[in-house]
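There are 2 protein chains.
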Amino acid sequence: MSHHHNPNQNRLLAALRPDELQELLPHLQVVHLKAGEQLAKSGERLSNVYFPIDSAIALFYRLESGESAGVAVVGNEGMFSVAEVLGGAAMPYWATVETSGHVFQVTSDTLSEMNGRMASLRDTLLLYAQASLTQISQTVVCEKHHSLTQQLCQHLLLINDKSLSDDFRLTHEAIANMLGVRRESITETAGELRDLGLIDYNRGHIKVLNRPRLEQMCCECYAVVRDEFTRLLGGVR
Amino acid sequence: MSHHHNPNQNRLLAALRPDELQELLPHLQVVHLKAGEQLAKSGERLSNVYFPIDSAIALFYRLESGESAGVAVVGNEGMFSVAEVLGGAAMPYWATVETSGHVFQVTSDTLSEMNGRMASLRDTLLLYAQASLTQISQTVVCEKHHSLTQQLCQHLLLINDKSLSDDFRLTHEAIANMLGVRRESITETAGELRDLGLIDYNRGHIKVLNRPRLEQMCCECYAVVRDEFTRLLGGVR
DNA sequence: CCATTAGTGTGTGCTACCGTACAGACTGTT
DNA sequence: AACAGTCTGTACGGTAGCACACACTAATGG
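Chains as they are written, first to last, in full-length UniProt numbering: chain A, 1 to 237; chain B, 1 to 237.
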């Protein structure tokens, strides 16, 4: 493991029992993921599990028609893929790197072995699975009833959290894929946020200028999900 | 347990290892649930777990605005609530009985105790959790890209499956709550399906007349979810 | 330094579903 | 028989996001 990184940088790892984390440590490898990189395609069994540090991994579905929609973004609060813990091997998700950054990587076999042996580790990871279930459920309601502006604010807050920076690389196109809308709709909506002075952006580079107001414009969903993660996995460091 | 019902009537129970099912049997109680009955509200810790036989349990969210949207319908393929298995106690769902019918009921404490002791039982229930995750994810994509007509077809197919009947009690209003749309939109859409001869209905009573064509009009989501349940939990009986 | 690509801006109709309003029709109760 | 409550039908303007088309500009690479 690199001396630059500490497992506490991932909240899920930080929530593990110290003795079990200690045993996991030697198997963790810090890896850098480049934006756009594909980590998994639908139904594929993964050989590695990832615990993001300052990267964001986008999970999304592809429909037969070619349309797609994002289901969740995984960052330093979680892991990919939770299927390794639930036992079903693959999931029908596609996963790509939304913003580049580092992850702790461990082989599926290693984690799986430990998961069978350490009850507390397994319990913690299952709580993460439950939090994920809540997150996705909230997404269902959110995209049904909340405006694109609200959803965009939420997405920006999420990426802001996970990238550990107010200034990240992200294109309108990538956001559109994630929110399941046209690129033009994002251009228009993001333009409004820029006019309001909440963000600035330029050719694949977004800067958060006024996070408090971004949170105000956002729907309740952001806070609900964040609070549920906190309830289940403990407070932020 | 009533002599009228057999645990194989619930696919999740049927997927358990015979010796473990045998041990669970004496704790199962057959109960009848009436439509509209509320089984849980958001954040509430449940004292019982339900394995539906011929009833359908609707899980949904309520937003601060009062709007709501359904997240999933649980029937004889599953259980409520999966939170008992994942360890986080409550979930932010509301749950009501969508169509009346019977369930196998067991106390949370009993299931929880067995869950800690029997690895195979736990593994099976975790696979169900994974299938649920897939189901909800599919819902996200579905409501983003598929028409209300398609979604209605899907919902009717689901209720058709879970109620074990072509003829069930269900109002436009209840469907609307579940799909997160206006009641009037359902009236209009259901009217088209009736004109096409796929269904008939009258004051809270719906009859499926042509299931094959209903499946044709439905989006891929129904089949995707069904197949994933089959992959994870074995074929239908 | 030029050509190509990636990223963004903008406009014009279009449609599915919304919000609201209200009417009729059936059902169970007193 | 009268009544109240439940369920369904219909109508009308409003709007958020769509599909498609195309123009512009900053970055990239030979």
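Note that CB positions come from ideal geometry on N, CA and C, so glycine has one too.
Run through chain A and tell me which residues come within less than 7 Å of residue i, C-beta to C-beta.
i, result
"L86(B)", "L126, L127, A129, Q130"
"E67(B)", "H145"
"E64(B)", "E220"
"E228(B)", "P92"
For residue i, would you say it is in contact with chain B, using Cβ-to-Cβ distances shorter than 8 Å as the test?
i, result
"A40(A)", "no"
"T61(A)", "It is worth fixing the name first, because residue 61(A) is Tyr in this sequence and not Thr. So, interface residue."
"T139(A)", "yes"
"M118(A)", "no"
"R237(A)", "Because the pLDDT of R237(A) is 46, which lies under 50, any placement of that residue in the model is unreliable, and the number read from its coordinates should be weighed accordingly. Output row for R237(A): interface = no."
"E20(A)", "no"
Can you pull the chain A neighbours of residue i, defined as C-beta to C-beta under 8 Å?
i, result
"H172(B)", "By Cβ distance, chain A contributes nothing, its closest Cβ being about 18 Å from H172(B), past 8 Å."
With a Cβ-Cβ cutoff of 8 Å, do residue i and residue j count as a contact?
i, j, result
"C121(B)", "L39(B)", "As written in the sequence, residue 121(B) is Leu, which differs from the Cys given in the question. No, the pair does not count as a contact, with Cβ atoms beyond the cut-off."
"F168(A)", "T99(A)", "yes"
"L12(B)", "L157(B)", "no"
"V208(B)", "D161(B)", "no"
"L152(B)", "I175(B)", "yes"
"K144(A)", "V97(A)", "no"
"M114(B)", "L24(B)", "yes"
"Q130(A)", "C221(A)", "no"
"R45(B)", "A90(B)", "yes"
"V49(A)", "E84(A)", "yes"
"V30(B)", "T134(B)", "no"
"L170(B)", "G204(B)", "yes"
"L28(A)", "V140(A)", "no"
"W94(A)", "S42(A)", "yes"
Determine the chain B residues that contact residue i at a beta-carbon separation under 8 Å, and present them in chain order.
i, result
"D123(A)", "G87"
"L133(A)", "V82, L86, M91, A129, S132, L133, I136"
Whose C-alpha, out of the options, is nearest the C-alpha of residue i?
i, options, result
"V74(A)", "S65(A), S55(A), G87(A), M91(A)", "S55(A)"
"C219(B)", "E64(A), F51(A), G36(A)", "E64(A)"
"R147(A)", "M178(A), T171(A), T189(A), H172(A)", "Residue 147(A) is actually Ser in this sequence, not Arg. Checking every option, the nearest Cα to that of S147(A) belongs to T189(A)."
"T230(A)", "S108(A), L127(A), R183(A), D195(A)", "L127(A)"
"E67(B)", "T171(A), C142(A), D195(A)", "C142(A)"
"Q150(B)", "S163(B), T124(B), E173(B), L179(B)", "L179(B)"
"P92(B)", "F60(B), Q154(B), L198(B)", "F60(B)"
"S47(B)", "H32(B), N177(B), S108(B)", "S108(B)"
"S212(A)", "I186(A), L198(A), L193(A)", "A small fix is needed here, since residue 212(A) is Pro in this sequence, not Ser. Of the listed residues, the one whose Cα sits closest to P212(A) is L198(A)."
"M79(A)", "A14(A), T187(A), E215(A)", "A14(A)"
"N202(B)", "E192(B), D227(B), H172(B), S81(B)", "H172(B)"
"E215(A)", "H155(A), N76(A), Q29(A)", "H155(A)"
"I53(A)", "R62(A), P18(A), A223(A), H4(A)", "H4(A)"
"D123(A)", "G88(B), A69(B), H27(B)", "G88(B)"
"I206(A)", "N8(A), I159(A), F104(A), Q22(A)", "I159(A)"
Under DSSP, the alpha helix (DSSP H) around residue i begins and ends at which residues?
i, result
"I199(A)", "That residue, I199(A), is in no alpha helix (DSSP H); its beta strand (DSSP E) goes 199-201."
"P18(B)", "18-24"
"K144(A)", "119-145"
"D166(B)", "Premise fails: D166(B) is in no alpha helix (DSSP H) and is neither H nor E."
"F229(A)", "221-233"
"A83(A)", "83-86"
"I186(A)", "183-195"
"P212(A)", "211-217"
Taking Cβ positions only, does residue i come closer than 8 Å to chain A?
i, result
"L232(B)", "yes"
"V71(B)", "yes"
"A14(B)", "no"
Using a C-beta to C-beta distance shorter than 9 Å, which residues of chain B count as neighbours of residue i?
i, result
"G180(A)", "V140, V141, K144, H145"
Can you pull the chain B residues whose beta carbon is under 7 Å from the beta carbon of residue i, in chain order?
i, result
"V74(A)", "Those do not exist, as V74(A) stays about 13 Å from chain B at its closest Cβ, beyond 7 Å."
How would you write the range of the beta strand (DSSP E) that residue i sits in, first residue to last?
i, result
"V74(A)", "68-74"
"L33(A)", "29-33"
"G101(A)", "101-107"
"Q38(A)", "38-40"
"residue 241(A)", "As shown, chain A starts at 1 and ends at 237. That puts residue 241(A) outside it, with no answer to give."
"N48(B)", "48-52"
"A56(A)", "56-62"
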